[in-house]
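A.B. asks: Residue numbers for the sequence shown follow the UniProt record's numbering, so the first one is 1 and each next one is one higher.
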Amino acid sequence: MSVDNKPSPVDLRAAVSNVVKTVDPMLKTTTHRTVKSETSADETPIESIVQGQNLSRTYYYHFDSNVPASAQAVFENAVNVYNQTGLVKLIAGEGTSKQNSVTFFVYSKKTSGSNNSSVMIESGHGGPQITQQTGWGAYTANHARAGLNVYYPRLAIKQSVAIHELGHALGLDHSTSRQSVMYPVDQGVTKLSQGDIEALKAIYGSGEKSNS
Ligand SMILES: [Zn+2]
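#1: Give, in chain order, every unbroken run of the beta strand (DSSP E) that is at least 3 residues long and sits entirely within the region 153-188.
#2: State the beta-bridge partners of TYR204 as determined by DSSP.
#3: Please state whether the Cβ-Cβ distance between ASP196 and THR44 is less than 8 Å.
#4: Could you say which of LYS191, ARG178, TYR59 lies nearest to VAL88 if we only look at CA atoms?
#5: Step through the CB atoms of chain C and report whether any lies within less than 8 Å of the CB of TYR107.
#6: With a threshold of 6 Å on Cβ separation, who are the neighbours of PHE63 within its own chain once the five nearest residues in sequence on each side are excluded?
#7: Mind checking who GLY124 pairs with in its DSSP beta bridge?
#8: For SER112, which residues from the same chain have a beta carbon less than 6 Å from its beta carbon, with the 5 sequence-adjacent residues on both sides left out?
#9: Candidates ILE203, PRO68, SER108: which alpha carbon is nearest ALA169's?
#10: Buried or exposed, going by whether 16 or more other CB atoms sit within 10 Å of the CB of GLU94?
#11: Between the C-alpha atoms of GLY52 and VAL81, what's the straight-line distance to the nearest angstrom?
#12: By Cβ distance below 7 Å, which residues in the same chain neighbour ALA78 in space, the five residues on each side in sequence not counted?
#13: Throw me the rounded Cβ distance for the residue 215 and ASN54 pair, which I believe falls under 8 Å.
#14: Give a yes or no on whether the C-beta atoms belonging to ILE46 and LEU172 are separated by under 8 Å.
#15: Do VAL189 and ALA146 have their beta-carbon atoms positioned less than 8 Å apart in this structure?
#16: From VAL150 to ILE157, what does the alpha carbon distance come to, in whole angstroms?
#17: Here's the rule I'm using: 16 or more other beta-carbon atoms within 10 Å means buried, otherwise exposed. How should ALA144 be labelled?
#18: Taking the C-alpha atoms as reference points, what is the distance between SER177 and LEU192?
#19: Assuming LEU155 and SER175 are in contact, meaning their beta carbons sit under 8 Å apart, how far apart are those beta carbons, in whole angstroms?
#20: From the DSSP output, which residues share a beta bridge with LEU55?
#21: Would you kindly report the start and end of the unbroken alpha helix (DSSP H) that includes GLN72?
#22: Could you name the residues of the same chain whose beta carbon sits closer than 6 Å to that of ILE91, not counting the 5 residues immediately before and after it, in chain order?
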């Protein structure tokens with residue numbers, strides 16, 4: 001199966017350089033991570049740049065123009081999974097520069113020859129990007145991105161991968177728990193673990209109360 005709407009190399013590079021500081025490739029190792037205090041195996045860590053930020057729980061999301069319908073569908077499912085927690089509220093639309101946003105995108109990246117025996121295929125990447133203005137009109141916004149690697153459509157255009165990448169966008173980091181959607185290797189998990197929900201509460205639960 002081939003995907004028609006392959007982004008041009010220029011587009012791909014632009015997208016990648018845009019987020020390179022904050023994204024975690026799906027299959028990166030977690031060994032270099034600072035061990036957070038009192039992180040148990042079931043807890044889902046929070047991306048460091050999101051920690052301590054006072055983020056609104058409302059996000060506006062949109063798709064890049066080259067995102068095929070199949071990928072849009074799994075992203076929409078991922079949006080529903082997070083909205084059902086009542087902890088965040090993702091709304092279709094662009095939002096302003098002062099509001100939180102998620103851009104869903106696709107990219108095409110072939111895994112290059114590996115020098116070790118196990119070749120790890122990257123099925124997606126995503127992450128938060130914090131914009132902050134202090135002083136008059138101060139605000140903090142997360143302009144996040146979540147992407148699927150359509151070079152491997154059968155591995156990447158999956159609900160579990162979209163949920164994982166959107167999790168990064170919202171500030172979740174890799175978990176060592178296989179029940180977590182943030183486990184770094186795709187387990188097909190489409191239900192948020194208690195640890196995932198607790199991490200979302202830690203990021204978004206202190207502000208406005210949920211209406212749901
Ligand atoms: Zn990841």
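Even for Gly, the Cβ is constructed at its ideal location relative to N, Cα and C.
Here the structure is a predicted model, which is why all the values come from computation and not from measurement.
C.D. replies: According to the structure data:
#1: none
#2: Checking the DSSP bridge columns, you'll see TYR204 has no partner listed.
#3: yes
#4: TYR59
#5: Given the protein chain composition of this structure (a single chain), no chain C is represented.
#6: GLN72, PHE104
#7: Looking at the DSSP assignment, GLY124 forms a beta bridge with LEU148.
#8: none
#9: ILE203
#10: Classification for GLU94: exposed.
#11: 24 Å
#12: GLN159, ALA162, ILE163, LEU166
#13: This structure cannot settle anything about residue 215, because the visible part of the chain is limited to 1 through 212.
#14: yes
#15: no
#16: 7 Å
#17: buried
#18: In this structure, the alpha-carbon of SER177 lies about 11 Å from that of LEU192.
#19: Not really, about 20 Å apart at Cβ, beyond 8 Å.
#20: LEU55 is not bridged to any residue.
#21: Start and end: 69-83.
#22: TYR60
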